[in-house]
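A.B. asks:
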Amino acid sequence: MGKNVNNNDWQVKRVKVVQLESAEISYRIFGEAEVKVVIVPALGSCSAEWWHLAERFSKNKNYSVLVYDRAGYGMSSPSSIKRTPRHVAEELAQLLSKLNVTHKVVLVGHSQGGLYIQQFARAYPHLVKGLVLVDPLSANDNIFKIKLTEELYKKSGVNKLKALRIGYWLTSFKLGTFFVPVLKKAPPFYYYNHFSKEAETYILKAFTKPMQYKTAIEEYHFSHDEEEIAHLKEKGNFPDIALKLITHTPRKAMEEIIYYGGTTEEEAQLIDEISQKLMKEYLTFSSKSELILAKNSSHYIHLTEPELIKKAIEDII
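What the sequence shown shows, in the UniProt record's numbering, is residues 1 to 317, in sequence order.
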C-alpha cells in the first residue's frame, strides 16, 4: 500500500503515494470495502476534480472507489517513460498491483481518460469488469482535421494544444498564481463551484504547476500519433465486456461552440455531429454496450449529471 502524505504546500491530508517503476503516483481511496471502481480523469485534470463524486459513489457500502493522478499530474511525479496510451495503461496496472487490486474493476474514464481505459481493457482484460466512457476521446479524433476547414478547425476547440502551451508558458514563468481568479471561472469551476476547500486548493495548485501542462501536451501528442493509436481503432481484439457510453447533449455543446468559437449554428452542428459519431463508434466494440444521453450536459457530464455515472457503475457491478 502507499504511504500517507501531509504536504503543507498542497494542503492535503488523505492523499497517499506509491512508487512505481517509472513514477511516484498519488491517489485516494474512498470507502472501506473492496476497490471495485477506478476513475481516470481527463487531459489536464487532476484527481481532486472527482473526489466529491468518489465519496458519493462509495456511499454504497459494497465497493470503494480509487481516484489517482496520472504521472505528471497533481502530486504525482513526472514519468520516466513516454506518455503513450500503452504506457499510461501500464502504470495504472502497476498501481493496481501495488494496491493489491487483482480482481476485475469498473473503469470510469472522462474525455482522454476514456481513451486510456479503452487501452487498459485491451491490455488487461482480466482486470476489467466493464467500462463507463464519459464523453470519451476517440482514436479517430484526427478526422476533425479532414472534415473541417483549417479555419473551422481552429474555431472548433478540438485542438487543445494552444491552450496547454499558453498554460505551460505562464506557469513556467511563475505567472500562474496571478490567474487564479480566472481559473476559478473556467472548467471545472465553471460547471461546479461546490468543491471542498481541500479539493479547490489541490485543483488550483495543479493548474499552476508547469509539469501538469508539459505532461498534458505530451499526452495529447501521443493520443493523436497514428502509429501509437492505430490498434485502438480495431474492434476485433476488444473484450466483450459491459460498456456504458455517456455522451453530452448536442444542444448544450453547440451553444458553447458558438459562444467560445464564434461559429455559426450550422458550423457548430457539423462539429458536434462529427464528435457524436466518433464517440458512438465505441458502441460497436462490445455486444454489451449501451448509449446514455446526458440531456442537460456538455462535456463535463460528471459535474453536471453525476447520477448517470453512478447508475452506470452500479448497473455493471
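The beta-carbon is built from N, C-alpha and C at its ideal position, and this holds for glycine as well.
Between L20, K16, N62, which has its C-alpha nearest V35's C-alpha?
C.D. replies: Closest option to V35, Cα to Cα, is N62.
A.B. asks: Among L303, S286, Q276, whose alpha-carbon lies nearest the alpha-carbon of L293?
C.D. replies: Comparing Cα positions, the closest option is Q276.
A.B. asks: Give, in chain order, every unbroken run of the alpha helix (DSSP H) that is at least 4 residues long and sits entirely within the region 186-244.
C.D. replies: If we require 4 residues or more, the alpha helix (DSSP H) runs fully inside the region 186-244 come out as 197-207, 210-223, 226-229.
A.B. asks: Under the DSSP definition of a beta bridge, which residues are partnered with I39?
C.D. replies: Bridge partners of I39: V67, V108.
A.B. asks: What does DSSP give as the partner residues of I292 in its beta bridges?
C.D. replies: DSSP output for I292 lists I246 as bridge partner(s).
A.B. asks: Per DSSP, which one or two residues make a beta bridge with F30?
C.D. replies: According to DSSP, which records beta bridges pairwise, F30 is partnered with V65.
A.B. asks: If we ignore side chains and look at the alpha-carbon of each, how far apart do T247 and I146 end up?
C.D. replies: Approximately 23 Å, taken between the alpha carbons.
A.B. asks: My understanding is that K129 touches V105, with C-beta atoms under 8 Å, so please give their C-beta distance in whole angstroms.
C.D. replies: Contact flag correct, Cβ pair sits at about 6 Å.
A.B. asks: From K233 to L133, what does the alpha carbon distance come to, in whole angstroms?
C.D. replies: Between K233 and L133, the C-alpha separation is close to 15 Å.
A.B. asks: Under 8 Å, Cβ to Cβ, is there at least one residue of chain C near M75?
C.D. replies: The structure shown contains no chain C; it is built from a single protein chain.
A.B. asks: State the DSSP-derived secondary structure class of K82, mapped to helix, strand or coil.
C.D. replies: Coil at K82, not helix or strand.
A.B. asks: For N296, I'd like the list of residues in its chain whose CB is within less than 8 Å of its CB, leaving aside the five on either flank, ordered along the chain.
C.D. replies: Contacts found: T249, K252, T304, E305.
A.B. asks: Identify every run of the alpha helix (DSSP H) within the region 150-179, keeping only runs that are complete inside it and at least 4 residues long; order them along the chain.
C.D. replies: If we require 4 residues or more, the alpha helix (DSSP H) runs fully inside the region 150-179 come out as 150-156, 161-172.
A.B. asks: Whose CA, out of E314, L245, N237, lies closest to the CA of M279?
C.D. replies: Closest by alpha carbon: L245.
A.B. asks: From which residue to which residue does the alpha helix (DSSP H) around K16 run?
C.D. replies: That residue, K16, is in no alpha helix (DSSP H); its beta strand (DSSP E) goes 16-19.
A.B. asks: Reducing DSSP to helix, strand and coil, say where E305 ends up.
C.D. replies: DSSP places E305 in coil when its eight states are reduced to three.
A.B. asks: Thinking just about the alpha-carbon of each residue, which of E226, G261, Y300, P239 is nearest to the one in S287?
C.D. replies: The shortest Cα separation from S287 among E226, G261, Y300, P239 belongs to P239.
A.B. asks: So which of Y124, K209, S156 has the shortest CA-CA distance to S77?
C.D. replies: Here the closest residue by C-alpha is K209.
A.B. asks: Hey, could you find the ends of the alpha helix (DSSP H) L53 is sitting in?
C.D. replies: Here the alpha helix (DSSP H) through L53 covers 51-57.
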